[in-house]
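Protein chains in written order, with numbering that gives the first Met the number 0: chain A, 0 to 221; chain B, 0 to 221. Each remark here refers to the structure printed beneath this line.
There are 2 protein chains.
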Amino acid sequence: MQLAISDFNGAAEAIDAQFASEWEEVQEVLTDMPLHIKASDQAGIQGTPIFDAVGTNGSIHQELTDRGWRDHLPIPAEYQFLGKDVDFGKGDVILEVQFSNYPFLLNNLMRSELFYKAGVDLDGIGVQLLVIVTKGKMWPASQSTLYSEQAEHQISALAEVGVVELPIRLVGLIEQVPSTVQSVWTTYHAARYSRTVVEKELPACQIDAGARATSRVRLTRV
Amino acid sequence: MQLAISDFNGAAEAIDAQFASEWEEVQEVLTDMPLHIKASDQAGIQGTPIFDAVGTNGSIHQELTDRGWRDHLPIPAEYQFLGKDVDFGKGDVILEVQFSNYPFLLNNLMRSELFYKAGVDLDGIGVQLLVIVTKGKMWPASQSTLYSEQAEHQISALAEVGVVELPIRLVGLIEQVPSTVQSVWTTYHAARYSRTVVEKELPACQIDAGARATSRVRLTRV
């Protein structure tokens, strides 16, 4: 996929100076990743392809751990009010994949800022850079889920006034419009919430501009 | 009720120097307030008295607005990703009543910190002090709801390392154990979630130490 990148609090400089190899691995994993899609279960658009968060998460997990990234970094007991674990980490870089809704982004930001300022390490992984992976607004997706343009707006507001001070690189997963890309179409056991895979297919997927009102693209299996 | 107070980031000094009159009003409202209780709908303790968040909220709302506090302070459009409005405000003091669960406390903290650092005013109300009203852990209450000891722990962790820097006074609503206090017993139309009042009674309520395992008190209408 293509990446839309926004940096906050000197993230670009920190990456150049200290985290070039970690970033290169993340970039490789995300740019090599095909578009993951599944059938919508939403009334009115049932059966049409939408962004598949579960499939995308699974793919990122496989590829990052293959490159030596640790997963499910345990949060120390005294900070578990901020959650159980952090998605991924390597060196002094942590990475959160956030396809859920905006309160989870705020939680990710607040706990990362706490770990950064308190000098907490997560089972050996320091917190000097936070990479957040989100999807672009362009994708048809489950309702009310976070997209990168919204995340960019929110992190900007918090970083501008110093509520968050740690270096953050926000990545939005996007593609060119129009284009035809390699995709992974996954059929799950139940249309909604299920993570049980029934079938994986590898069709090409055509991406076209959608109705102007929605600003979402139209996806077609070809 | 009695108040358990915890101050962060110089809140006591800020109150002495600038917000003594606002705090006196809050203190008067909360100490004059009777204990609000209702019947539990939880299996196993159905019908027994528990802390009534809706009744407490209603009482605080009535008394604060009677003293010229503004309610539902609108959050400016560009920050509405942090919510629609702030509970109460007067002068440069905002007050949030938080009987819900911990993610809402984090949201209250993060938006207050943003308004403080960005110098945002909420329809004329500045943000120089945040008062958070919670209930003590002692009260039997709906499951997974926030209590002040938990809030104290969480705000401490965030304030110690400077993730939140604005002055905060945390208030826990408590009572002596054992004691007998004036209470308001409200019967709602539906046992759970309803805000429609069927009946309000004013019984005395006896507060006794409960089973040690729970650390919650036992309440009895007398």
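For every residue, glycine included, the Cβ atom is placed at its ideal position computed from N, Cα and C.
The Cβ-Cβ distance between B/I36 and B/W184 falls below 7 Å.
Between B/A42 and B/P166 the beta-carbon gap is near 42 Å, outside 8 Å, which marks them as no contact.
In the DSSP assignment, B/P73 falls within the beta strand (DSSP E) that extends over R69 to P73. At the C-beta level, B/F18 and A/Q153 stay beyond 7 Å of one another. With its beta carbon less than 7 Å from one in chain B, A/G161 belongs to the interface.
Per DSSP, reduced to three states, the secondary structure at B/K134 is strand. With contacts defined as CB atoms closer than 7 Å, A/L105 and B/M109 qualify as a contacting pair. For the beta strand (DSSP E) assignment, the uninterrupted runs of no fewer than 3 residues enclosed by the region 52-97 of chain B are, from N- to C-terminal side, 69-73, 84-89 and 92-96. Excluding sequence positions up to five before and after B/L72, its CB lies within less than 6 Å of the CB of D84, V85, G88, L121, D122 and I124, all in the same chain and listed in chain order.
Looking from the CA of A/E24, the closest CA among A/L218, A/E164, A/G209 and A/H60 belongs to A/H60. With fewer than 16 other Cβ atoms from the protein chains shown falling within 10 Å of its own Cβ, A/S143 counts as exposed. As summarised for the region 147-185 of chain A, the continuous alpha helix (DSSP H) elements at least 4 residues long and confined to that stretch are 147-159, given in chain order. For a Cβ distance threshold of 8 Å, nothing in chain A lies close to B/L145: the least Cβ distance comes to about 10 Å. Under the three-state reduction of DSSP, B/L121 is assigned to strand. The three-state reading of DSSP puts A/A3 in strand, counting E and B together. Shown here, A/F18 sits in coil according to DSSP, grouped into three states, outside any helix or strand. Put simply, the region 154-173 of chain B does not touch the region 184-200 of chain B. Fewer than three CB pairs are less than 8 Å apart. Using a Cβ-Cβ cut-off of 7 Å, A/F80 counts as an interface residue toward chain B, since at least one Cβ of chain B sits closer than that to its own. Put simply, the CB of A/K116 is near chain B, with a gap under 7 Å to one of its CB atoms. In the structure shown, B/A38 falls within a strand segment according to DSSP collapsed to helix, strand and coil. At least one C-beta of chain B is nearer than 7 Å to the C-beta of A/Y101. For the beta strand (DSSP E) assignment, the uninterrupted runs of no fewer than 3 residues enclosed by the region 185-210 of chain A are, from N- to C-terminal side, 196-200 and 203-207.
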